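Comments concern the structure below.
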Amino acid sequence: MNEDQVGEWQRSSTGLHEFAYDESWHSSPISRAVSLSKPLREL
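Residue numbers (my numbering): 11 to 53.
Next up, the structure:
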């Protein structure tokens with residue numbers, strides 16, 4: 011977000027999609043969720 015690394019979106023070999031927040035984004039004072047369906051959670 012705003013040129014900061016937020017996380018990583020991956021597709022597994024079985025075709026499932028996963029998104030994980032980057033640790034630096036998670037601990038940033040300006041961090042926020044990218045979506046209501048993808049809230050910030052403890053790592």
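Just so it is clear, CB atoms sit at the ideal spot from N, CA and C, and this is done for glycine as well.
Here the structure is a predicted model, which is why all the values come from computation and not from measurement.
Measure the C-alpha to C-alpha separation of residue i and residue j and round it to an integer number of angstroms.
| i | j | result |
| --- | --- | --- |
| GLU28 | SER47 | 12 Å |
| LEU26 | GLY17 | 17 Å |
| ALA30 | TRP19 | 7 Å |
| MET11 | SER23 | 27 Å |
| GLN15 | LEU50 | 14 Å |
| TRP35 | ALA43 | 10 Å |
Taking only three categories from DSSP, how would you classify residue i?
| i | result |
| --- | --- |
| SER34 | helix |
| GLY17 | strand |
| SER45 | strand |
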